[in-house]
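Trainee:
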Amino acid sequence: MSGLSAVLPFPATAGETNRAKTKLDHRTTEEAALVRRVQGHDELAFREIVERYQAKVFSIIYGILRNRNDAEDIAQQVFAKIYFSIKNFNFQSSLLTWIYKITVNECYDYLRKKKVRKLVYESDFSSDDSLRMENSEPATDQAPAVDQRLAQHDLVLKLLSKISEEDRSLILLKEVEGHSVEELSEMTGMNENTIKVKLFRARQKLMKAAERLNKGPLTPIAE
Amino acid sequence: MHGSVRDRLESLLSEGSSTIERREVEEHLSSCAECSSELTAMKTQSELLHSLRAPQEVEPAVGFYARVVQRIEERANTSIWSVFIDSPFGKRLAYASLAVALLLGTYVVTEESQDGHLGGRVVVSQNSSFTPVIGDQQEQRDAVLVNFASYQSGTGQ
Numbered sequence: 001m002s003g004l005s006a007v008l009p010f011p012a013t014a015g016e017t018n019r020a021k022t023k024l025d026h027r028t029t030e031e032a033a034l035v036r037r038v039q040g041h042d043e044l045a046f047r048e049i050v051e052r053y054q055a056k057v058f059s060i061i062y063g064i065l066r067n068r069n070d071a072e073d074i075a076q077q078v079f080a081k082i083y084f085s086i087k088n089f090n091f092q093s094s095l096l097t098w099i100y101k102i103t104v105n106e107c108y109d110y111l112r113k114k115k116v117r118k119l120v121y122e123s124d125f126s127s128d129d130s131l132r133m134e135n136s137e138p139a140t141d142q143a144p145a146v147d148q149r150l151a152q153h154d155l156v157l158k159l160l161s162k163i164s165e166e167d168r169s170l171i172l173l174k175e176v177e178g179h180s181v182e183e184l185s186e187m188t189g190m191n192e193n194t195i196k197v198k199l200f201r202a203r204q205k206l207m208k209a210a211e212r213l214n215k216g217p218l219t220p221i222a223e
Numbered sequence: 224m225h226g227s228v229r230d231r232l233e234s235l236l237s238e239g240s241s242t243i244e245r246r247e248v249e250e251h252l253s254s255c256a257e258c259s260s261e262l263t264a265m266k267t268q269s270e271l272l273h274s275l276r277a278p279q280e281v282e283p284a285v286g287f288y289a290r291v292v293q294r295i296e297e298r299a300n301t302s303i304w305s306v307f308i309d310s311p312f313g314k315r316l317a318y319a320s321l322a323v324a325l326l327l328g329t330y331v332v333t334e335e336s337q338d339g340h341l342g343g344r345v346v347v348s349q350n351s352s353f354t355p356v357i358g359d360q361q362e363q364r365d366a367v368l369v370n371f372a373s374y375q376s377g378t379g380q
């Protein structure tokens, strides 16, 4: 892996420069008006935020923990946290980016506190895979694939715990939520070049973390 | 990783690169083993990260907002002591305070046992203008008052 590439910034293109000039001002959006209403203790506005983002938050948590009960509990915790800390929201990023960061952090706090990684395997297995396995081919054919997939899920969670909160949110927004660099730039208020550099460094850190965990080279997920 | 690949990495990983870009990268990869292996590893990593996508659309059960409000009310009514009991930082702070208190206590006890009982005698012996407390009750009272009035701390006078 090239050490130089981790230090040198990416060259900005003319298109990026133009886009940076016209970047979205998060203080003037409809979402910002909603946030200001919540900051002014408008309960209806808070309810609107909950209803607007509850499915998103629930999906993020379920994707990480694969357990509905945990997802419900942590989603409640996330919105309680939003309620108490929205006064500190500074409109530097989109509300979704801020909520996303809180959600992922809550998931990692939960994993840290409960040390539930083994339970994650079991809950995942019981909720989705067990049904699929019961209704289809013999279990012996699918069990190794399921085990491998769950082990890889656990490995990804472990690797992500080794990088900073900011890097973690950014790489998840890119890889899990499927946002483009341009969208991430709009959401976070950072220019595209900065996003690319941060993503590249985060990917390198994940590779190094995988090497340190002695897991050997990463292998693709079994279908 | 060389610049020509690194600059296009995100679009390559999300399959959003143009045909021209892909051809340029492939040309480079055919002659650069380092970039080729690193790009392969990053593609694998990207696939692994996709495993965190929720397998299907999931929504909380009906009445979620009411449960959130209940959670907020519970949190708002939480006692100040729960900050120390519940949070890891609070626990660490409590343990650190306990350790400091124990250390200070040990120090004080050690000092007391070494010279704690000599303190009073040393103070009196340092006072050279010490008046012997003898005679009747009135004289003894006067002598004590004179000793107090003429006492000077640590001067040896």
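Here the protein sequences come in this chain order: A and B.
Per the working numbering, the first sequence runs over residues 1 to 223.
Per the working numbering, the second sequence runs over residues 224 to 380.
Every residue, glycine too, gets a C-beta built ideally from N, C-alpha and C.
In this text the structure is predicted, and so the values were computed from the model without any measurement.
Taking 7 Å as the threshold (beta carbon to beta carbon), is Val181(A) in contact with chain B?
Mentor: yes
Trainee: Please confirm if Ala209(A) has its CB atom under 7 Å from at least one CB of chain B.
Mentor: No, its Cβ sits nowhere closer than 7 Å to a Cβ of chain B.
Trainee: For the 8 Å Cβ check, are there 3 or more pairs between the segment 174-187 of chain A and the segment 269-278 of chain B?
Mentor: yes
Trainee: Excluding the 5 residues flanking Gly63(A) on each side, which residues of the same chain have their C-beta closer than 8 Å to its C-beta?
Mentor: Result list for Gly63(A): Val176, in chain order.
Trainee: Less than 7 Å between the C-beta atoms of Ile171(A) and Ala209(A), yes or no?
Mentor: One thing to note: Ile171(A) has its Cβ no nearer than 7 Å to the Cβ of Ala209(A).
Trainee: Grouping DSSP H, G and I as helix and E and B as strand, with all else coil, what is Thr301(B)?
Mentor: In the structure shown, Thr301(B) sits in coil (DSSP, three-state: anything other than H, G, I, E or B).
Trainee: Work out the CA separation of Tyr100(A) and Val291(B) for me, nearest whole Å.
Mentor: 17 Å
Trainee: Quick one: complete alpha helix (DSSP H) runs, 4+ long, within the segment 37-77 of chain A?
Mentor: 43-65
Trainee: Would you check if the segment 69-89 of chain A and the segment 20-39 of chain A touch, i.e. whether three or more CB-CB distances between them fall below 8 Å?
Mentor: Enough Cβ pairs lie closer than 8 Å, so yes.
Trainee: Is the separation between the beta-carbon of Thr103(A) and that of Met187(A) shorter than 7 Å?
Mentor: no
Trainee: Starting from Glu72(A), find everything on chain B with Cβ-Cβ shorter than 9 Å and list it in chain order.
Mentor: Pro283, Ala284, Phe287 and Arg290
Trainee: Note down, in chain order, all residues in the segment 165-180 of chain A with a beta-carbon under 8 Å from any beta-carbon belonging to chain B.
Mentor: Ile171, Leu172, Lys174, Glu175, Val176, Gly178 and Ser180
Trainee: Are the beta-carbon atoms belonging to Glu249(B) and Arg231(B) less than 7 Å from one another?
Mentor: no
Trainee: Taking DSSP as the reference, what is the three-state secondary structure of Gln279(B)?
Mentor: In the three-state reduction of the DSSP assignment, Gln279(B) falls in the coil class.
Trainee: Distance check for Val146(A) and Asp129(A), CA to CA, integer angstroms please.
Mentor: Any reading at Asp129(A) must be qualified, since the residue scores a pLDDT of 48, below 50, and its modelled position is unreliable; the value itself is stated next. Going by the C-alpha atoms only, they are around 7 Å apart.
Trainee: Given that a residue counts as buried once 16 or more other Cβ atoms are within 10 Å of its Cβ, and exposed if not, what is Val285(B)?
Mentor: exposed
Trainee: Can you list, in chain order, the residues of its chain with a C-beta nearer than 8 Å to that of Glu134(A)? Leave out the 5 residues immediately preceding and following it.
Mentor: Confidence at Glu134(A) is low in this model, with a pLDDT of 42, below 50, so its placement is unreliable and the value that follows should be read with caution. There are no such residues.
Trainee: In three-state terms, what does DSSP make of Gly328(B)?
Mentor: In the structure shown, Gly328(B) sits in a helix (DSSP, three-state: H, G or I).
Trainee: Under the rule that 16 or more other beta-carbon atoms within 10 Å means buried, what is Leu160(A), buried or exposed?
Mentor: buried
Trainee: Taking all protein chains shown into account, decide if Asn193(A) is buried (16 or more other Cβ within 10 angstroms of its Cβ) or exposed.
Mentor: buried
Trainee: Would you mind telling me which residues of chain A sit closer than 7 Å to Ala322(B), beta carbon to beta carbon, in chain order?
Mentor: None at all; the shortest Cβ gap to chain A is about 23 Å.
Trainee: Quick one, are the C-beta atoms of Ala71(A) and Phe58(A) less than 7 Å apart?
Mentor: In contact: Ala71(A) and Phe58(A) (Cβ atoms closer than 7 Å).
Trainee: Excluding the five sequence neighbours on either side, which residues of its own chain have a C-beta within less than 6 Å of the C-beta of Arg364(B), listed in chain order?
Mentor: none
Trainee: Quick check: is any heavy atom of the ligand GDP less than 6 Å from the C-beta of Arg203(A)?
Mentor: The ligand GDP is not among the ligands present in this structure, which contains no ligands whatsoever.
Trainee: What residues in its chain sit with their C-beta under 8 Å from that of His179(A), if we drop five residues either side in the sequence?
Mentor: Leu173 and Met187
Trainee: Closer than 8 Å, Cβ to any Cβ of chain A: which residues of the segment 253-282 of chain B, in chain order?
Mentor: Glu257, Glu261, Ala264, Met265, Thr267, Gln268, Ser269, Glu270, Leu271, Leu272, His273, Ser274, Leu275, Arg276, Ala277, Pro278, Glu280, Val281 and Glu282
Trainee: Between the beta-carbon of Ile74(A) and the beta-carbon of Tyr110(A), is there less than 7 Å?
Mentor: yes
Trainee: Could you list which residues in chain B have their beta carbon closer than 8 Å to that of Ser59(A), in chain order?
Mentor: Here the neighbours are Ala277, Glu280 and Val281.
Trainee: Please report the straight-line C-alpha distance between Thr333(B) and Leu327(B), rounded to a whole angstrom.
Mentor: 10 Å
Trainee: Please confirm whether Phe79(A) has its beta-carbon closer than 7 Å to some beta-carbon of chain B.
Mentor: yes
Trainee: I want to see whether chain A comes within less than 7 Å of Glu296(B), judged by CB atoms only; does it?
Mentor: no
Trainee: Count the other CB atoms, across all protein chains shown, that sit within 10 Å of the CB of Phe200(A); report buried if there are 16 or more and exposed otherwise.
Mentor: buried
Trainee: Which bits of chain A does Ser227(B) rub up against, with CB to CB less than 9 Å?
Mentor: Neighbours of Ser227(B) on chain A: none; closest Cβ ~11 Å, over 9 Å.
Trainee: Identify whether Ser164(A) lies in helix, strand or coil by the three-state DSSP scheme.
Mentor: Here Ser164(A) sits in coil by DSSP.
Trainee: With H, G and I counted as helix, E and B as strand and the rest as coil, what does DSSP make of Tyr83(A)?
Mentor: helix
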